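These notes are about the structure you will find just below.
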Amino acid sequence: MNIYTQVCGLVIIALLLFFYKKQPTMGLSSERKFKITLFVILACVILDIASCYFIVYSRKYQEFIVIAICKLYLISLHTVAFSALGYSVSDLFEFFGSAHEKFLGLCYQVFCIIGVIVTVYLPLHYYYDGQTLYTYGPAAIATYIFVAIYILSIILAAMALRKHLKEKKVYALCLWMTIWSISAIIQFLNPKLLIVSFASCIGALVMYFELENPQSSLSRRTGHFSSAVIHEYLDYLYQTKQNFSAMRISFQTTGESADENKLLRQTIEMLSDFLFSVDTAKIFDTAEGHFLLIFENTDFLESTKYQISTYFQAVENNSDVGDAITLLRPFYTIIPDCTISDNADELMMLLANYIPSNKGNSSNNEVIVTAETMKNVRRQKDVEKLVVEAMENDRIEVHYQPIFNIATNTFSSAEALVRIKLIDGTYLQPNEFIPVAELTGRIIPLSDAIYRRTLSFIKSYHIERIGIQHIELNLSVKQGESPTFTTKILQMLEDYQIDPELINLEITETSSLRSKERLHENMKKLEEHGLCFSLDDFGSGSSNLNYIIDMPVSIVKLDKLLSDEYFKDNDKAIAIVNAVIEMAHSIGLKIVAEGIETQDQFDAMKALGVDFIQGFYFSKPLPEHEFLKFIQDNNLKYMYQ
2 MNIYTQVCGL VIIALLLFFY KKQPTMGLSS ERKFKITLFV ILACVILDIA
52 SCYFIVYSRK YQEFIVIAIC KLYLISLHTV AFSALGYSVS DLFEFFGSAH
102 EKFLGLCYQV FCIIGVIVTV YLPLHYYYDG QTLYTYGPAA IATYIFVAIY
152 ILSIILAAMA LRKHLKEKKV YALCLWMTIW SISAIIQFLN PKLLIVSFAS
202 CIGALVMYFE LENPQSSLSR RTGHFSSAVI HEYLDYLYQT KQNFSAMRIS
252 FQTTGESADE NKLLRQTIEM LSDFLFSVDT AKIFDTAEGH FLLIFENTDF
302 LESTKYQIST YFQAVENNSD VGDAITLLRP FYTIIPDCTI SDNADELMML
352 LANYIPSNKG NSSNNEVIVT AETMKNVRRQ KDVEKLVVEA MENDRIEVHY
402 QPIFNIATNT FSSAEALVRI KLIDGTYLQP NEFIPVAELT GRIIPLSDAI
452 YRRTLSFIKS YHIERIGIQH IELNLSVKQG ESPTFTTKIL QMLEDYQIDP
502 ELINLEITET SSLRSKERLH ENMKKLEEHG LCFSLDDFGS GSSNLNYIID
552 MPVSIVKLDK LLSDEYFKDN DKAIAIVNAV IEMAHSIGLK IVAEGIETQD
602 QFDAMKALGV DFIQGFYFSK PLPEHEFLKF IQDNNLKYMY Q
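In terms of our numbering, the sequence shown opens at residue 2 and continues consecutively.
If you want it as structure tokens, here you go:
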């Protein structure tokens, strides 16, 4: 009895099942269907061997038993083909949803049942001459036809719907079906070669190595699921409409030294080993020094966090690792209900917004992300998209707010303010898009566009001829810290042939300054070329006198909130405003009062001795031509009052 190929196939499929069940899997629909397919192929090979045995020893058994075993083998071929089809479109079902899955599944189930009934009903014969054995007859032919239809369906589905399937899966499926088809044709033409069930095993082997090897989903560094499969798993959870929660564990650091990096690696390795004891969540190593825990049962999130926190507290007493935990405090980003996001992309975007970046500065070690948080993140992304579209479609405008010079009784300067015009003709408010542009890094290209428009305006209309001594341009911290900023702005001035003294760069006090030395260096270089600087919002929460001491500023702009408190007769605000003005004048700095809206406010600030007035009392920010007309109409009027 020549069953060498079947025995080889049996060994192959048994080994595949052994290694597949030994490795951790994410529980995806495709993984479950692949495992089912392996078991069905195993049964098919066993029945193939059994049919050979009963044919060889047919004299010992009644004929209907031999035929029944042979037909069971043919039915197993139907089942293998049906399982392969279900596996091949498992991702597609998840993409389209359960309603489509049930309908398509029902159709193919009916087709499979019809095929099985036909195989059972039609007659089957067998042949054995002492060396060669095979089955033949209408039942065998019908099985070939039905299996051929399955194979054709799998190939057509993989090719037609390849946009929704992984490229590797399309390739592996087509290779599997090709191997199976060739083996079926060979066995049909030469019944002595019993290789169909063996070809099924080879196909499963191809799928295992190309696509379904669980080891490929694991991080070599930690042994947990790797970052490469996070998105795939989240896609599965959203497409199957499961409620789940998430917790990311990251670390707040205090520096970027080699010793700290060593401690970080040590801490990650230690935490990784402990997380193997957590069986309430799927654990992913993000390859960024973070671990992402996904809970399909949301009830386990709090208890697992307590378990991990208790572990960290316990190991702090260990002298070998205590320093690492003390220096690299764990930070938890918790999403109790991940249905606040619509899909995997949104969830990953949400998590990306909550990576601790202020190294060691956070007073709390966790953030809980809610539906309101998701709403704000969505709005941020919408605003970012509007900014990009406006830049691409040339809808960035610069408006100018006149600044009144009390000494000359004229409007001697103006602040250039960006405006983004939307498709419907309305404007996006600066307090909406400026923080988003700074957060996403788009502030630099946006500022470049504003600078070029302003310099073009200065060159085109020769604003110095109508009494404008300089235009104030806002300088973002990210710009000022850039090593190329000085070269870039000097090149712009040269391109537009603008006198540097016509430009004043206005910088806002900030606590996010990373490279203070570089900013100061850039400011001094530009000052040497004739540019001047002003300090905006002086008196805000992050202010300190070092800005005035260290930076080459010549103008200080009072924070509007401080001015508002002054006009409310707040004793502290009155004392601070008086002190700031006196201090500034004593060291040769000019003072601008912002946000002035009434005659009384104007008179009060003028009496205090401020040098410049800016606000709606005179004018809102104006488009280019309106600004030019305003200056021309008002400078002469105020000069002779």
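Idealized CB from N, CA, C, for every residue including glycine.
Here the structure is a predicted model, which means the values were calculated and not measured.
Here the alpha carbon of L423 sits roughly 18 Å from the alpha carbon of R443.
Look at the beta carbons and you see the region 363-381 not touching the region 572-586: under three pairs across the two are nearer than 8 Å.
The three-state secondary structure of P192, taken from DSSP, is coil. Distances from the CA of Y333 to each of F301, T299, F292 were compared; the closest alpha carbon is that of F292. Apart from the 5 residues on each side of it in sequence, L206 sits with its Cβ closer than 8 Å to the Cβ of I13, L17 in its chain, given in chain order. Taking a C-beta distance under 9 Å as the contact criterion, L43 and Y21 do not qualify as a contact pair. The criterion of a C-beta distance shorter than 9 Å is not satisfied by I614 and I369. With fewer than 16 other CB atoms across the displayed protein chains lying within 10 angstroms of its CB, M160 is exposed.
One thing to note: V46 has its Cβ within 9 Å of the Cβ of F199. Put simply, of I114, F65, M271, V119 the residue whose alpha carbon is nearest the alpha carbon of H126 is F65. Where A415 is concerned, the enclosing beta strand (DSSP E) starts and stops at 411-422.
From the listed residues L562, Y74, I114, the smallest Cα separation to F539 is found for L562. Remark: fewer than three beta-carbon pairs, one from each stretch, lie closer than 8 Å, so the region 456-470 and the region 517-524 are not flagged as touching. Rounded to whole angstroms, the gap between the alpha carbons of T487 and Q602 is 38 Å. Apart from sequence neighbours up to five positions away, the residues of its chain that approach L235 with a beta-carbon distance below 7 Å are A345, L348, ordered along the chain. For C202, same chain residues with a beta-carbon under 7 Å away, outside a window of 5 residues either side, are G10, I13, I14, I42, V46 in chain order. Its chain contains L474, I490, M493 as the residues whose beta carbon lies nearer than 8 Å to that of Y452, once the 5 sequence neighbours on both sides are disregarded; these appear in chain order.
By the C-beta criterion, the region 186-200 is judged to be in contact with the region 119-135, since at least 3 inter-stretch pairs fall below 8 Å. The beta carbon of Q24 lies closer than 7 Å to those of P215, Q216 in the same chain, with the five residues before and after it left out. Along the region 101-186, the alpha helix (DSSP H) occurs as fully enclosed runs of 4 or more residues at 139-161, listed in sequence order. Within the same chain, Cβ atoms closer than 7 Å to the Cβ of Y145 are found at A185, F189, the five residues on either side in sequence being excluded. Fully enclosed beta strand (DSSP E) runs of no fewer than 3 residues occupy 471-476, 504-509 of the region 460-537, in order along the chain.
Your pair V384 and F313 does not check out as a contact, with CB atoms roughly 38 Å apart and the cut at 8 Å. Inclusion of D500 and G468 in the CB contact set at 9 Å is not warranted, their separation being larger than that value. Proximity to Q267 across V316, L302, L294 peaks at V316, based on C-alpha coordinates. Around the beta carbon of A585, 16 or more other beta carbons lie within 10 angstroms, which makes this residue buried.
The alpha-carbon of T485 is positioned some 39 Å away from that of N410. It is roughly 31 Å from the alpha-carbon of N298 to the alpha-carbon of L86. Between T509 and V554, the C-beta spacing is not below 9 Å. Non-local C-beta neighbours of M248 in its own chain, meaning closer than 8 Å and more than five positions away in sequence, comprise A282, L293, L294, F296, L302, T305, K306, Y333, T334, I335, I336, ordered along the chain. Excluding its 5 nearest sequence neighbours in each direction, A173 has C-beta neighbours in its own chain below 8 Å: V207, M208, E211, L212, listed in chain order. Going by DSSP, H400 is part of no alpha helix (DSSP H) but of the beta strand (DSSP E) stretching over 397-406.
Per DSSP, reduced to three states, the secondary structure at Q7 is helical.
Annotation for D286: the continuous beta strand (DSSP E) segment containing it runs 283-286. Here P446 is exposed: its Cβ has fewer than 16 other Cβ atoms, across all protein chains shown, within 10 Å.
In the structure shown, the three-state DSSP call for Y428 is strand.
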